[in-house]
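Protein chains in written order, with the numbering used here: chain A, 53 to 321; chain B, 19 to 361.
We put the beta carbon where it would ideally sit given N, CA and C, even for glycine.
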């Protein structure tokens with residue numbers, strides 16, 4: 053591989069996790085009540101992928117980061133006010149729904165199309181990044197489908213650590229069962245890494261990075277391609293909130309010994 | 019008429035993981051409820067006879083396998099090639115698989131190759147008027163949907179703990195081996211091995227009866243104005259040992275390690291439950307020093323019996339999420355609990 057990595061991060065918006073969500077029946081299927089009014093954040097695991105991408109690009113000369121986002125243009129513009137101040141990237145916007153009830157196959161096709169349209173992208177240097185799962189659909193399948201459409205045969209899911217070794221190969225830690233990691237090596241790009249939390253904190257806002265990013269963010273928003281993804285072939289028969297609300301017994305007046313005894317009896321029961 | 023293919027991979031000892039037997043129950047159930055359907059099982063691994071023989075009496079009309087040293091490890095390129103071969107060989111319309119890290123990585127790419135569709139994290143299935151309906155959660159376990167699909171092949175990836183593990187007599191499956199041609203660049207990825215997280219204590223036990231959730235309160239100043247991290251460590255690890263429990267954590271607690279604050283050394287992001295963590299299934303859960311409400315409660319969606327210890331009676335846990343909230347000092351209570359458990 054000549055030069056650094058070309059890192060494409062797929063990531064979009066999800067409702068702020070502190071918001072109360074309620075399903076409604078929309079014109080094209082299930083949706084969230086007041087979906088366009090809900091405060092949105094960058095999908096958490098995609099956010100980790102973006103921060104890891106920026107860190108990698110900083111440490112490997114001649115690397116570049118693109119953020120490919122599928123979502124309503126206006127909501128993405130709001131998101132960019134904060135995200136664009138954190139790390140450097142070039143934005144690619146696909147103007148379409150970001151809700152959880154779309155089909156991952158259609159989403160993957162739109163994302164792959166967007167990536168294929170990136171001018172100057174060197175596939176031999178491509179690292180495709182994204183979250184291991186979204187906080188909306190939570191299927192954990194989209195990144196693999198995008199990678200497959202891009203012809204990437206080395207894929208990693210639930211990545212927490214990537215190390216570029218002296219010979220240029222990659223060493224990866226992937227989450228597996230039982231709180232353990234699978235350790236793998238890969239000869240190099242191209243590869244797909246669907247990130248879990250990684251090891252980096254959320255970068256602080258940097259107005260200088262924000263101003264630099266905004267030179268490309270606004271034009272990217274203006275020339276956003278429509279991406280009318282849906283869920284063809286799926287019939288939603290019902291979407292509901294879990295009804296279970298527990299009658300919580302609040303125990304205030306027991307001594308420490310009595311509380312401990314009650315807990316142990318419950319554990320052993 | 020549906021052609022059902024159940025797929026599983028072996029573990030390093032050649033057996034099937036428990037979650038595969040649970041998915042097998044789902045496949046067997048489907049085959050019984052879908053009139054005229056056919057049912058075949060496929061096993062992937064270095065060697066598949068032991069695993070296939072162990073489920074020989076499950077009712078499958080045939081057994082297929084993809085075997086060899088390349089298929090011993092969990093790797094996208096080889097796993098995807100193996101599953102693709104099984105799906106194409108059988109012409110399956112419904113592919114039932116367990117949720118494992120290995121299949122979670124490989125199956126979506128296979129779906130793309132065979133132009134199918136996939137549903138993951140399935141938490142329920144039913145046949146209504148001859149039509150397959152599945153249930154899965156959206157928005158990180160906040161709402162549950164029932165849906166059906168027209169497209170085939172339809173991959174159904176079943177979460178653990180949803181169906182009972184299939185039980186039956188072993189026999190002779192006579193699995194037919196399916197040859198897979200691997201491309202030259204298939205082995206660019208090499209699996210080195212497995213390692214525990216940097217915390218050198220095994221704290222995540224998916225099969226445990228109890229999930230113990232620790233919140234950020236353990237690392238805050240206590241009534242005497244001091245931090246008691248060493249005490250917290252001993253109490254939590256002591257409980258995990260005495261109760262053989264699994265350890266979960268709030269996001270705020272594990273985030274402290276990357277934010278440079280005082281931390282519990284055995285805690286990592288792998289322990290995190292909730293919005294950006296896991297949603298484990300355990301019969302019982304005990305939360306301590308947690309103050310999260312909805313995002314954190316999401317991590318407890320599949321915990322049956324829940325109790326919490328907290329100094330705040332108005333904690334979010336009390337709002338209909340825990341069965342019992344003990345308003346008490348978790349340090350004192352857990353010390354006594356450990357003492358009683360050790361007797």
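Check the DSSP bridge columns for residue i and list the partner residues they point to.
| i | result |
| --- | --- |
| residue 213 of chain B | A:233 |
| residue 140 of chain B | B:154 and B:176 |
| residue 222 of chain A | A:216 and A:238 |
| residue 161 of chain B | B:156 |
| residue 118 of chain A | A:60 and A:142 |
| residue 147 of chain A | A:123 and A:278 |
| residue 60 of chain B | B:25 and B:82 |
| residue 267 of chain B | B:232 and B:290 |
| residue 247 of chain A | A:183 and A:211 |
Chain B partners of residue i, CB-CB under 9 Å?
| i | result |
| --- | --- |
| residue 64 of chain A | Going along chain B, no residue has its Cβ under 9 Å from residue 64 of chain A, so there is no contact; the nearest lies around 14 Å. |
| residue 356 of chain A | Nothing in the structure corresponds to residue 356 of chain A, since chain A is present only between 53 and 321. |
| residue 188 of chain A | 156, 157 and 158 |
| residue 205 of chain A | 94, 95, 98, 127, 201, 203, 204, 206 and 207 |
Is the CB of residue i under 7 Å away from at least one CB in chain A?
| i | result |
| --- | --- |
| residue 385 of chain B | Outside the displayed range of chain B (19 to 361) lies residue 385 of chain B, so it cannot be described from this structure. |
| residue 58 of chain B | no |
| residue 97 of chain B | no |
| residue 222 of chain B | yes |
| residue 242 of chain B | no |
| residue 64 of chain B | no |
| residue 300 of chain B | no |
| residue 351 of chain B | yes |
| residue 341 of chain B | yes |
| residue 210 of chain B | yes |
| residue 161 of chain B | yes |
| residue 361 of chain B | no |
| residue 39 of chain B | no |
| residue 331 of chain B | yes |
| residue 33 of chain B | no |
| residue 190 of chain B | no |
| residue 287 of chain B | yes |
Using a Cβ cut-off of 7 Å, pull out every chain B residue sitting near residue i, in sequence order please.
| i | result |
| --- | --- |
| residue 239 of chain A | 206 |
Is the Cβ of residue i closer than 7 Å to any Cβ of chain B?
| i | result |
| --- | --- |
| residue 104 of chain A | no |
| residue 81 of chain A | no |
| residue 316 of chain A | yes |
| residue 77 of chain A | no |
| residue 60 of chain A | no |
| residue 232 of chain A | yes |
| residue 197 of chain A | yes |
| residue 73 of chain A | yes |
| residue 242 of chain A | no |
| residue 236 of chain A | yes |
Give me the chain A residues within the contact set of residue i, using Cβ-Cβ distance strictly less than 8 Å, ordered along the chain.
| i | result |
| --- | --- |
| residue 261 of chain B | 319 |
| residue 254 of chain B | The contacting residues do not exist; residue 254 of chain B stays about 14 Å from chain A at best. |
Along chain B, in chain order, which residues have C-beta atoms closer than 8 Å to that of residue i?
| i | result |
| --- | --- |
| residue 89 of chain A | Neighbours of residue 89 of chain A on chain B: none; closest Cβ ~16 Å, over 8 Å. |
| residue 96 of chain A | 293 and 294 |
Excluding five sequence neighbours on each side, which residues of the same chain lie with their C-beta closer than 8 Å to the C-beta of residue i?
| i | result |
| --- | --- |
| residue 340 of chain B | 305, 324, 325 and 326 |
| residue 202 of chain B | none |
| residue 100 of chain A | 183, 247, 248, 249, 250 and 252 |
| residue 130 of chain A | 92 |
| residue 237 of chain B | 245, 247, 250, 271, 274, 279, 280, 281 and 282 |
Could you name the residues of chain A that residue i contacts, counting a contact when the two beta carbons are closer than 7 Å?
| i | result |
| --- | --- |
| residue 138 of chain B | 191, 192 and 193 |
| residue 355 of chain B | 312, 315 and 316 |
| residue 167 of chain B | 285 and 286 |
| residue 338 of chain B | 297, 298 and 300 |
| residue 214 of chain B | 232 |
Between which residues of its own chain and residue i is the CB-CB distance below 7 Å, once the five residues before and five after are set aside?
| i | result |
| --- | --- |
| residue 159 of chain A | 122, 194 and 281 |
| residue 71 of chain B | 188, 189, 190 and 191 |
| residue 51 of chain B | 145 |
| residue 98 of chain B | 124, 127 and 128 |
| residue 37 of chain B | 116, 117, 118 and 178 |
Counting only the same chain and skipping the five closest in sequence on each side, list residues whose C-beta sits under 6 Å from that of residue i.
| i | result |
| --- | --- |
| residue 206 of chain A | 238 and 243 |
| residue 342 of chain B | 325 |
| residue 75 of chain B | 186, 187 and 189 |
| residue 115 of chain A | 56, 57 and 109 |
Which residues of chain A have a Cβ atom closer than 9 Å to the Cβ of residue i, listed in chain order?
| i | result |
| --- | --- |
| residue 43 of chain B | Chain A residues near residue 43 of chain B: none, gap ~19 Å exceeds 9 Å. |
| residue 309 of chain B | Going along chain A, no residue has its Cβ under 9 Å from residue 309 of chain B, so there is no contact; the nearest lies around 13 Å. |
| query | In the segment 166-183 of chain A, which residues sit with their C-beta less than 8 Å from some C-beta in chain B, listed in chain order? | reply | When CB distances to chain B are screened at a threshold of 8 Å, not a single residue of the segment 166-183 of chain A falls below it.
Using a Cβ-Cβ cutoff of 8 Å, what residues of the segment 284-311 of chain A are near chain B? List them in chain order.
Residues of the segment 284-311 of chain A whose Cβ lies closer than 8 Å to any Cβ of chain B, in chain order: 285, 286, 287, 288, 289, 290, 291, 292, 293, 294, 297, 298, 299, 300, 301, 302, 303, 304, 306, 308, 309 and 311.
What are the residues in the segment 224-239 of chain B lying within 7 Å of chain A by C-beta distance? For the segment 224-239 of chain B, the set of residues with a beta-carbon nearer than 7 Å to any beta-carbon of chain A comprises 224 and 228, in chain order.
Can you list, in chain order, the residues of the segment 129-161 of chain A whose Cβ is nearer than 8 Å to any Cβ on chain B? Contact annotation: in the segment 129-161 of chain A, residues whose CB is within less than 8 Å of a CB in chain B are 152, 153, 155, 156, 157 and 160.
**Residues within the segment 248-272 of chain A neighbouring chain B, beta-carbon criterion of under 8 Å** = When C-beta distances to chain B are compared with 8 Å, the residues of the segment 248-272 of chain A below that value are 248, 249, 251, 252 and 253, in chain order.
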